[in-house]
Amino acid sequence: MATRLDGRAVSKKILADLKQTIAQLAQHDVTPTLAVVLVGSNPASEVYVRNKQRRAEDIGVRSLMFRMPEATTQADLLAKVAELNHDPDIDAILVQLPLPAGLDEQAVIDAIDPDKDVDGFSPVSVGRLWANEPTVVASTPYGIMALLDAYDIDVAGKRVV
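Per the numbering used here: the sequence shown = residues 114 to 274.
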């Protein structure tokens, strides 16, 4: 018999746990800060970023938006990423993809400090994942793993497609 997996319930539990952890940090005057970089005006990206910011704020994460025009150059975008990498008040960086035509997404991903790579896309983050070292896992696979864990579904040795 098939089991229906309730992703909303699992998501609510994860968010509640995160909110509690962040509240504990706040007791020590620590407010995690997410920097979101949005280049251009892709309507889908606008909605996606707005939802991420709302969710971050709901759990106590400060979210800062850095909007850059469609005509942003690769050099300007990399300079913004470098600035955020070196800002001690920024804990996590998210560059919303896709980027406008002419910008090298991989070069931008590679430029993000692996310790601030909230998407888990940097080569260092991927390497850590493969080496089974602590790292940020991209949100979609993380969500799938959390759902499987919540329902005690073991996929070890199984063919998963």
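Positions of the beta carbon are idealized from the N, C-alpha and C atoms, including for glycine.
- Counting the other Cβ atoms within 10 Å of the Cβ of K126 gives fewer than 16, which makes it exposed.
- In the DSSP assignment, the residues bridged to T146 are R175.
- Here T116 has Y264 as same chain residues with Cβ atoms under 7 Å from its own Cβ, once five neighbours each way along the sequence are excluded.
- Per DSSP, reduced to three states, the secondary structure at L118 is coil, with no helix or strand assignment.
- Secondary structure at R272: coil, using DSSP grouped into helix, strand and coil.
- Straight through space, the alpha carbons of E246 and P236 are spaced by roughly 13 Å.
- Counting C-beta pairs closer than 8 Å gives fewer than three between the segment 139-146 and the segment 156-164, which falls short of the contact rule.
- Going by C-alpha positions, V250 is about 13 Å away from A244.
- In this structure, I222 keeps its C-beta atom at 9 Å or more from the C-beta atom of A148.
- Beta-bridge annotation (DSSP): M258 is not paired with any residue.
- By the CB criterion at 9 Å, E183 and P211 fall outside the cutoff.
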